[in-house]
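Inspection log for the structure reproduced underneath, given as C-alpha cells.
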Amino acid sequence: FHALNQPLTTLRCSLELTLHQPVRAAEQYREELNHALDHAEQVVRLVSGIRELVEVDEPGAESEVLELDSYLQHAVMDLLPVAEAAGVRISLRRSSSCYVLFERQRLRRALFHLLECVLGSCNSGSVVNIEADEQNGEAVIALRVSLNTALGAVQPLDGRDREFEKRELARRLGLAMARGIFESAGGRLHAETSTETLFLELRLPMASLPT
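Here you go:
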C-alpha cells in the first residue's frame, strides 16, 4: 500500500500548492492540473491492479484444458500494433502444442499482463523473442528481450520523468498480476534483467487432453 500512498500524497500536495499559491498564468495552472491528473491516473491503475490481485484468490469460472500456444499467439497479435508503434519487433516460435488446465479469462488476462510488462521494458529498436515449448512435463514460455543500447540505458526511477514513472508503475503492476495468476494455477515465473537484456521464463504444469 506504500505504492498507493505515494501518488495520493503527491496529488494532495500538488492541489494544495495550486490552491494556496498567488494567482498565476493560466498555462501554469494547466501544468499543475496535468501533473495532478497524472497522479490520479496512477491511483486508478494501482486500485485496478490491487483488485485483480485480490481476485486471483477468489473462485472464478471452471478451469478447463486449453491450448496454451493458441492463447499466446492471440495475446501477441493483440499487442502487435502497440509494439509496432513503439518500434519494437516481436518474434514468436512454437515448437509443440502445449495444453494447460486454466480458466479462459484468467489465462488471457495473465498472458496480456505478461506481454504488456515486457513491452513496457522495451525501447525503440528492441527485439522480443518468444519461444513456447514442452520440457519435462511442463509448458514453457521463454521471453528474451534485446534492448536497443544505442539509445542508452534506462535511467533509474527518480520521479523527475513522469512518462518513465508511469511506464515503470505499469510494468511492475503487470508483472505482479501475471505472476499471481500463473502461480494460482501452479505455475512459476522467473525473471532476470540487465542493462542490455531482459529474460522471463514461465513454467506451467502440462494437462492431458480429455479422452
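Read in order, the letters of the sequence shown are residues 123 to 333 in the numbering used here. C-beta: ideal position from N, C-alpha, C; glycine also.
- With respect to residue 269, residue 248 sits close: the two C-beta atoms are nearer than 8 Å.
- Taking 8 Å as the cut-off, the beta carbon of residue 300 is found no closer than this to the beta carbon of residue 244.
- Taking C-alpha positions only, residue 267 is separated from residue 155 by approximately 36 Å.
- Shown here, residue 194 sits in a helix according to DSSP, grouped into three states.
- Of all alpha-carbon atoms in 250, 256 and 261, the one lying nearest the alpha-carbon of residue 318 is that of 250.
- For residue 240, no beta strand (DSSP E) run applies; the uninterrupted alpha helix (DSSP H) run containing it begins and ends at 226-242, by DSSP.
- Nearest neighbour of residue 198 by Cα position, chosen from 150, 254, 162 and 186, turns out to be 254.
- Distance from the CA of residue 190 to the CA of residue 320, rounded to the nearest whole angstrom, comes to 22 Å.
- Put simply, of 295, 303 and 315 the residue whose alpha carbon is nearest the alpha carbon of residue 165 is 295.
- Spatial neighbours of residue 209 in its own chain (CB-CB distance under 7 Å, excluding positions within 5 residues in sequence) are listed in chain order as 246 and 247.
- C-alpha of residue 230 to C-alpha of residue 293: approximately 17 Å in a straight line.
- Within the same chain, Cβ atoms closer than 7 Å to the Cβ of residue 329 are found at 187, 221, 222 and 223, the five residues on either side in sequence being excluded.
- Per the DSSP secondary-structure output, residue 160 pairs with nothing in a beta bridge.
- For the set 149, 160, 310 and 138, the Cα lying nearest the Cα of residue 236 is the one of 310.
- If you look at residue 254, you'll find it in the beta strand (DSSP E) that goes 249-257.
- When DSSP states are grouped into helix, strand and coil, residue 318 belongs to the coil group.
- Taking the CA atoms as reference points, residue 194 sits about 32 Å from residue 162.
- A Cβ-Cβ contact shorter than 8 Å links residue 304 with residue 326.
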